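S.K.:
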Amino acid sequence: MGVQQKISKNEKKNQKKQEDSQSILYLTNVVFFGLFFSVAYFLLNRWREKIRTSTPLHVLTISEILALVSLIASFVYLITFFGIAFILHYDEEEEDIAAKTTQGVLPKKLPTLPPPKISDQKVMSMEDEEVVSAVVSGSIPSYSLESKLGDCRRAANIRNQAVERVTGRSLEGLPMEGFDYDSILGQCCEMPIGFVQIPVGVAGPLLLDGNEYTVPMATTEGCLVASTNRGCKAIYVSGGASAVVLRDGMTRAPVVRFNSAKRASQLKFFLEDPQNFDSLSHTFNKSSRFARLQSIKATMAGKNLYTRFTCSTGDAMGMNMVSKGVQNVLDFLQTDFPDMDVIGISGNFCSDKKAAAVNWIEGRGKSVVCEAVIKEDVVKKVLKTSVESLVELNMLKNLTGSAMAGALGGFNAHASNIVSAIYLATGQDPAQNVESSHCMTMMEAVNDGKDLHISVTMPSIEVGTVGGGTQLASQSACLNLLGVKGASKETPGANSRQLATIVAGSVLAGELSLMSAIAAGQLVKSHMKYNRSNKDVTKVAS
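Heads up: the sequence shown at position 377 corresponds to 401 in our numbering, and the numbers run straight through without jumps.
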């Protein structure tokens, strides 16, 4: 018993010593971790300040020398401690595995190494099934299939099969055949596995500025094309609609920061000084033969400066074009403002793909107003309602109701429906439907209260007829249907402006028809007729 008590006492002493040593080691690690990151942060801030003030980096103060020594010392300690611990731990694992293997017992889990990479030449000679297995195992990165195989369609097909195996879910119903995968490489979509089918309907003819347009609309919402088509008919038999483009300019607004608000204001005044515009414009316009700087508007938030550049972009929607021009100007400004810290090429004062008052007030892309006078008999016979009912509904719904909801740019019935459908059909950026659908619908009784004057004001329609999705075969065909395919040879930007007016005219037709259906109490009835499937869903599913 005495011996056992002595042993237990020794064990307790040893355990206590181990705990004390672990505590000391833990505290030491914490100290060195904290020292490493704090001096690293200190040195980075100091070097950043030197770069701003053009001070040589090799000139060190006493505090910087001490910080540098502390950084090196803490780095050596951490590398020595954790590096040795990792090697010892790994060696122990190997010895344990070897011992168990010699005893005929396999460990539960062996340490795994990443699969070996396969050369491009070997990949091209492999069968599809072999490539799929290699993608699943990670030997071939999925994103590199196009470059390794040299066949975009084959790459998409292999990726499709690999996704099915990895996820364990079927992609049956997602078509592969009938699409030109080469056309989207490096342009429209990365790592494709197929394409989604969206039916395209046509509304029209839309009689706009004396020209007739058959408007393509890609949508899965029943009743939308039929309703827009009815609006086109009402406009056509009333003599047509007219549209005017008020502004045409894409925007980009970088955010930069200075050490003080006073210094930021100096750049603001410099940018807004008319005497400096020519030099800034010359620098900006180097980015493209179509980019032409129109205006610069700067605003401040503390010591941060937001500058909204507006420029014409020809027939392109122009986001890349204006971004390159802005980058040229920022590089140019660094000479006179070396302390300017560029935080981001886009500071959201642009504002892209977001509902923003700056777009509603200042405009972005094409600012368009479209109007028509609908005759009294057309309102009654085609739209099945009255002028008085439409005017009252528009005031209480589109104007008052939207104001009650706190709407921003949403003073309309369903402008985004038509904008989205045309954007999808013609290869526009569907996300820009957010600001492009900013619309105010106005209705007024004219000609002694007999006829209806209707207008839509859309300050930020962002469209292009070249670049992006407009070059895909289906979308290009829809642009061709409207007569605005590609760039205008006579007047740069004419095709994109024409497309913007067609969008506004189609919105006018859609607004007119939907408002009439609501005024006449036909909305639910028409949707039950055109937006409900008559198929037995259980049979289709089986």
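Built from N, CA and C at the ideal position, the CB exists for glycine as well. Please read these numbers as outputs of a predicted model, since none were measured by experiment.
Please state whether DSSP places C256 in a helix, a strand or coil.
M.R.: helix
S.K.: Going by DSSP in three states, N229 sits in which element: helix, strand or coil?
M.R.: Here residue 229 is Pro; the residue named in the question, Asn, does not match the sequence. If DSSP states are grouped into helix, strand and coil, P229 belongs with the strands.
S.K.: What span of residues does the alpha helix (DSSP H) with L195 cover, start to end?
M.R.: Counting along the chain, L195 falls outside any alpha helix (DSSP H), and DSSP gives it neither H nor E.
S.K.: So, at 8 Å on beta carbons, what are the nonlocal neighbours of Q221 in its own chain, with the 5 sequence-adjacent residues on each side left out?
M.R.: Within the same chain, Q221 has close Cβ partners P199.
S.K.: Among L209, V346, M341 and I446, which residue has its Cα nearest to the Cα of K310?
M.R.: V346
S.K.: Within this structure, are the beta carbons of I485 and V392 separated by less than 7 Å?
M.R.: yes
S.K.: Run the CB neighbour count on L68, radius 10 Å, all protein chains shown included, and call it buried at 16 or more, exposed below.
M.R.: exposed
S.K.: With C-beta atoms as the reference, is V411 less than 7 Å away from V403?
M.R.: yes
S.K.: Going by DSSP, name the residue or residues bridged to P240.
M.R.: V226
S.K.: Using a Cβ-Cβ cutoff of less than 8 Å, which residues in the same chain neighbour S444 once the five nearest sequence positions on both sides are dropped?
M.R.: T243, P454, N457 and S461
S.K.: Alpha carbon to alpha carbon, what distance is there between V397 and M241?
M.R.: 24 Å
S.K.: Does the distance from the CB of T465 to the CB of E535 come in under 7 Å?
M.R.: Taking 7 Å as the Cβ cut-off, T465 and E535 qualify as a contacting pair.
S.K.: In the DSSP assignment, what are the bridge partners of M341?
M.R.: DSSP, once it has assigned bridges, lists no residue as partnering M341.
S.K.: Taking the alpha-carbon positions, what's the G433 to N504 distance?
M.R.: 30 Å
S.K.: Kindly indicate which three-state DSSP category M148 falls into: helix, strand or coil?
M.R.: It is helical.
S.K.: In three-state terms, what does DSSP make of C176?
M.R.: It is helical.
S.K.: CB L169 to CB A179, shorter than 7 Å?
M.R.: yes
S.K.: Using only the alpha-carbon positions, how far apart do I446 and T238 sit?
M.R.: Distance between the alpha carbons of I446 and T238 is about 11 Å.
S.K.: Taking T331 and A543 to be in contact with their CB atoms under 8 Å, please state how far apart those CB atoms are, rounded to whole angstroms.
M.R.: Contact flag wrong, Cβ pair sits at about 46 Å.
S.K.: Write down the C-beta distance between V279 and G368 rounded to the nearest angstrom, noting that I regard them as a contact closer than 8 Å.
M.R.: Here V279 really is in contact with G368; their C-beta atoms are around 5 Å apart, less than 8 Å.
S.K.: Measure the alpha-carbon distance for C567 versus V224 and round it to whole angstroms.
M.R.: Limits of the chain in this structure are 25 at one end and 566 at the other, which puts residue 567 out of reach.
S.K.: Please report the straight-line C-alpha distance between A97 and Q145, rounded to a whole angstrom.
M.R.: 47 Å
S.K.: My output table needs one value for A313: the three-state DSSP class, helix, strand or coil.
M.R.: Here the sequence assigns Arg to residue 313, which means Ala is not the residue at that position. Three-state DSSP puts R313 in coil, outside helix and strand.
S.K.: Which residues does DSSP pair with H477 in a beta bridge?
M.R.: V397 and E468
S.K.: Rounded to a whole number of angstroms, what is the C-alpha to C-alpha distance between C335 and T525?
M.R.: 19 Å
S.K.: Starting from G573 and walking both ways along the beta strand (DSSP E), at which residues does that stretch end?
M.R.: What the structure shows of the chain is the stretch from 25 to 566, and residue 573 is not part of that stretch, so it cannot be assessed.
S.K.: If I follow the unbroken alpha helix (DSSP H) through Y330, where does it start and stop?
M.R.: Unbroken run through Y330 is the beta strand (DSSP E), N328 to S336; no alpha helix (DSSP H).
S.K.: Work out the CA separation of K399 and A469 for me, nearest whole Å.
M.R.: 10 Å
S.K.: Please return the same chain residues whose Cβ sits closer than 8 Å to the Cβ of Y167, not counting the five positions on each side in sequence.
M.R.: E214 and M215
S.K.: Look at the alpha carbon of K377 and the alpha carbon of Q495, and state the distance between them as a whole number of angstroms.
M.R.: 22 Å
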